[in-house]
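**Student:** Numbering (this note's numbering), first residue to last: 3 to 481.
Backbone N, C-alpha and C fix where the C-beta goes; we use that ideal spot for every residue, glycine too.
Can you read through this structure? Questions will come right after.
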Amino acid sequence: MPFRRRPALVATATGAVALAILAGPSLAVAAPGNPGSPRYSAGADGAGDPYFPLAGNGGIDVLHYDLDLDYTPPEPAPAPLEGELQGIATIDLVATQDLDRFNLDLRGLTATEVVVNGKPMSFDQVENELVITPRPKLKTGSHAQVIVTYGGTTTRPTDIEGALYGWVTTRDGAMVVSEPDGSATWFPVNDHPTDKSTYTFEITVPQGLVAVANGLPSADPTTAGGFTTWYWDAPDPMAAYLATASVGDYVVNEYVAANGTPIFDAVDPARLGAPSAALALTSDMLVFFEERYGSYPFNSYGAIVDDDSVGYALETQTRSFFSRTAGEGTVAHELAHQWMGDHVSPERWADIWLNEGWATYSTWMWNEHRDRATAQESFDEILAIPADDEFWASEVADPGPLGLFTDPVYDRGAATLHALRVEIGDAAFFELAKTWVERYGGGTASTEDFMALAEEVSGQQLDTLFKVWLSTPSKPTTW
Ligand code: ARG
Ligand code: ZN
């Protein structure tokens, strides 16, 4: 008995829904062990994250994205700052419920064809959702190959704060940085960290430009008819916001770091002098963070430094992005994110302090290593902020969608980790860090998971410390 089309997961008092409720705990789950009587419904239009309700989708688990992109940057000024992107996304996914419909996120680009398992399907685009109606319908656990042909004019998209993100068109290419939900501006995607996938890329750009994505080159670039195609393979599972395919007039520097990790840096020649001193510390930093967090989790690393700016850096997986400069503290921060944020990713966006607190604390430790301020001194500086300062007025473990990248998430997040370290001691603290990466690496974890693991590893009761530091909107005094 198939469902009528309806917004997924919205129960109404119809016989069909009542049946489904009897059959299992959730409409999102098909009757287990009963493949003969599927209960088809639509996948939800969001992954269920309260901060970004339409980010990601229900009912699908994407295993792999193969992105074949053709990009032409803008003509020289005074032509408008707009590029042309044509893409073919080949998406291997598994249905996690019996689906008669499912969504991908796609924003500002137009899909012209959708093929599921070799057959053209009907589809629709409603605001930032691409709605696909697979026939035959997809049973729970079945694999599907979805090929979306799409494209359009690229601009300079912004997030809910008004910050540039996604496929940001530049005069000589594009800066592609998508935290938290900007991937939909360049490919059809299940845009939530709870769905990690492997990626391959084939990016064709005018000859003379370099297209840099995640992972390692899988073949030498090929040039024909004035266009060069760059091939990338990113086999480590990755959250969509960490994917990049930046295009520019980059100078490439490839070498192997002291820990054996292959490095691929791409630096805009206009920035070559500026960041090189800090980037040259990458090898030492890899060794430093491996000692604290365990083996570097991915197949490669490197930096993209662009001469245009989105106003921040991003820990794009295996290939951190820097706007104009790559200062030493930021180079350490983005590298540490590869363990803390990229390998272990936030379960919900409310857990962002686990990314930013760890990355900030990593720079504190690196600074101490370099004989600058000790971590304790950095902590003392935070504690010197007056109690009536707005800094203390937010809940770090629930900063709200507009608070994701605010100072308390970074600095009070880092101070929380230092307070924890002092409380449980260095041995337990670094065992916690390593166990965290080992246990949750490749997936996501929440603040609750972190608190539980800290108690497990230390054998201490830490309710008060976490409550005072993470979920009390005032300055901690005792904990
Ligand atoms: N996660 C990035 C970093 O810490 C910052 C991203 C900021 N994004 C933004 N939209 N403001 O390095
Ligand atoms: Zn960060």
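Consider the C-beta atom of H339 and the heavy atoms of the ligand ZN; say whether any pair is separated by less than 7 Å.
**Tutor:** H339 Cβ: within cutoff of the ligand ZN.
**Student:** Taking A416 as the reference, give the member of Q378, I265, G228 with the closest Cα.
**Tutor:** Checked all of Q378, I265, G228; the closest Cα to A416 is Q378.
**Student:** Answer with buried or exposed for G175, where buried requires no fewer than 16 other C-beta atoms within 10 angstroms of its C-beta.
**Tutor:** G175 should be labelled buried.
**Student:** Which word fits T480, buried or exposed, when buried means at least 16 other C-beta atoms lie within 10 angstroms of its C-beta?
**Tutor:** Under this definition T480 is an exposed residue.
**Student:** Can you find at least 3 beta carbon pairs, one from the stretch 381-401 and one from the stretch 430-440, that sit closer than 8 Å?
**Tutor:** With a cut-off of 8 Å, the stretch 430-440 and the stretch 381-401 do not count as touching, because too few Cβ pairs lie within range.
**Student:** Where does A57 fall in DSSP's three states?
**Tutor:** The answer is coil: DSSP assigns A57 none of H, G, I, E or B.
**Student:** Can you give the Cα-Cα distance for D100 and I205, rounded to whole angstroms?
**Tutor:** Cα to Cα, D100 sits roughly 34 Å from I205.
**Student:** Taking the CB atoms as reference points, tell me whether A279 and V307 lie closer together than 8 Å.
**Tutor:** For A279 and V307, no; Cβs fall outside 8 Å.
**Student:** Below 7 Å, is the gap between the Cβ of A361 and the nearest heavy atom of the ligand ZN?
**Tutor:** Yes; taking the cut-off as 7 Å, the Cβ of A361 has a heavy atom of the ligand ZN nearer than that.
**Student:** Are the CB atoms of N255 and D267 within a distance shorter than 8 Å?
**Tutor:** Yes, these two residues count as a Cβ contact at 8 Å.
**Student:** Quick check on L404: buried or exposed, where buried means 16 or more other Cβ atoms within 10 Å of its Cβ?
**Tutor:** Looking at its Cβ environment, which holds fewer than 16 other Cβ atoms inside 10 Å, L404 is exposed.
**Student:** Within its chain, find whatever has a CB closer than 7 Å to the CB of W341; leave out the 5 residues flanking it on each side and keep chain order.
**Tutor:** Hits under 7 Å: F291, Y295, P299, V439.
**Student:** So, is V398 buried or exposed, given that buried needs 16 or more other C-beta atoms within 10 angstroms?
**Tutor:** Buried, because 16 or more other Cβ atoms sit within 10 Å of the Cβ of V398.
**Student:** Restricting to Cα atoms, I'd like to know which of N130, V212, L218 is closest to S185.
**Tutor:** Out of N130, V212, L218, N130 has the C-alpha closest to the C-alpha of S185.
**Student:** Going by DSSP, which residues form a beta bridge with R103?
**Tutor:** For R103, which the question treats as bridged, DSSP gives the partners A44.
**Student:** Leaving out the 5 sequence neighbours to the left and right, which residues in its chain are closer than 8 Å to A421 when beta-carbon positions are compared?
**Tutor:** Counting only Cβ-Cβ distances below 8 Å, and skipping sequence neighbours, we find F381, L467, W471, P478, W481.
**Student:** Which residues in the same chain have their Cβ closer than 6 Å to the Cβ of A456, if we skip the five residues on either side of it in sequence?
**Tutor:** Cβ neighbours of A456 beyond the five flanking positions: L434, L464.
**Student:** So is the beta-carbon of E358 under 7 Å away from any non-hydrogen atom of the ligand ZN?
**Tutor:** Yes, the ligand ZN has a heavy atom inside 7 Å of this Cβ.
**Student:** Note down, one range per segment and in chain order, each beta strand (DSSP E) of at least 3 residues found wholly within the stretch 254-297.
**Tutor:** Complete beta strand (DSSP E) runs here, min 3: 264-269.
**Student:** In its own chain, which residues sit with a C-beta less than 6 Å from the C-beta of Y412, not counting the 5 before and 5 after it?
**Tutor:** Excluding residues within five positions, the ones whose Cβ falls inside 6 Å are E358, T362.
**Student:** Could you pull the start and end residues of the alpha helix (DSSP H) that A334 belongs to?
**Tutor:** Note, A334: alpha helix (DSSP H), 330-339.
**Student:** Quick one: which unbroken beta strand (DSSP E) runs of 3-plus residues sit fully inside the stretch 102-137? Chain order, please.
**Tutor:** Segments of the beta strand (DSSP E) lying fully in the stretch 102-137: 112-118, 124-128, 131-135.
**Student:** Is Y314 near the ligand ARG, with its Cβ less than 7 Å from a heavy atom?
**Tutor:** Correct: Y314 has its Cβ closer than 7 Å to the ligand ARG.
**Student:** For A57, count the other beta carbons within 10 Å of its own beta carbon; 16 or more makes it buried, fewer makes it exposed. Which is it?
**Tutor:** With 16 or more Cβ atoms within 10 Å of its Cβ, A57 is classed as buried.
**Student:** When DSSP labels each residue in this structure, what does E450 get in the three-state scheme?
**Tutor:** Here E450 sits in helix by DSSP.
**Student:** Of all the options Y201, A91, G50, which has the alpha carbon lying nearest to the alpha carbon of N216?
**Tutor:** It is Y201 whose Cα lies nearest to the Cα of N216.
**Student:** What's the gap between the Cα of Y442 and the Cα of G228?
**Tutor:** Y442 and G228: Cα-Cα distance of roughly 45 Å.
**Student:** Distance, Cα to Cα, R103 vs K139?
**Tutor:** Approximately 8 Å, taken between the alpha carbons.
**Student:** Is any heavy atom in the ligand ARG found nearer than 7 Å to the beta carbon of D451?
**Tutor:** D451 Cβ: outside cutoff for every heavy atom of the ligand ARG.
**Student:** Could you say which of L316, G343, S347 lies nearest to T332 if we only look at CA atoms?
**Tutor:** Of the candidates L316, G343, S347, the one whose C-alpha sits nearest the C-alpha of T332 is L316.
**Student:** Since A386 is in the alpha helix (DSSP H), which residue starts that stretch and which ends it?
**Tutor:** Unbroken run through A386: none, as it is neither H nor E.
**Student:** With hydrogens ignored, establish whether the beta-carbon of Y303 is closer than 7 Å to any heavy atom of the ligand ARG.
**Tutor:** Result no, Cβ not under 7 Å from the ligand ARG.
**Student:** How many angstroms separate the CA atom of P388 from the CA atom of D409?
**Tutor:** Going from the Cα of P388 to the Cα of D409 covers about 15 Å.
**Student:** From what residue to what residue does the alpha helix (DSSP H) around D2 run?
**Tutor:** Nothing about residue 2 can be read from this structure; the chain reaches only from 3 to 481.
**Student:** Measuring CB to CB, does A2 end up less than 8 Å from S297?
**Tutor:** The question about residue 2 has no answer here: the residues shown for the chain are numbered 3 through 481.
**Student:** Name the residue from L419, T157, P277 whose alpha carbon lies nearest to the alpha carbon of S364.
**Tutor:** Taking only the C-alpha atoms, the option nearest S364 is L419.
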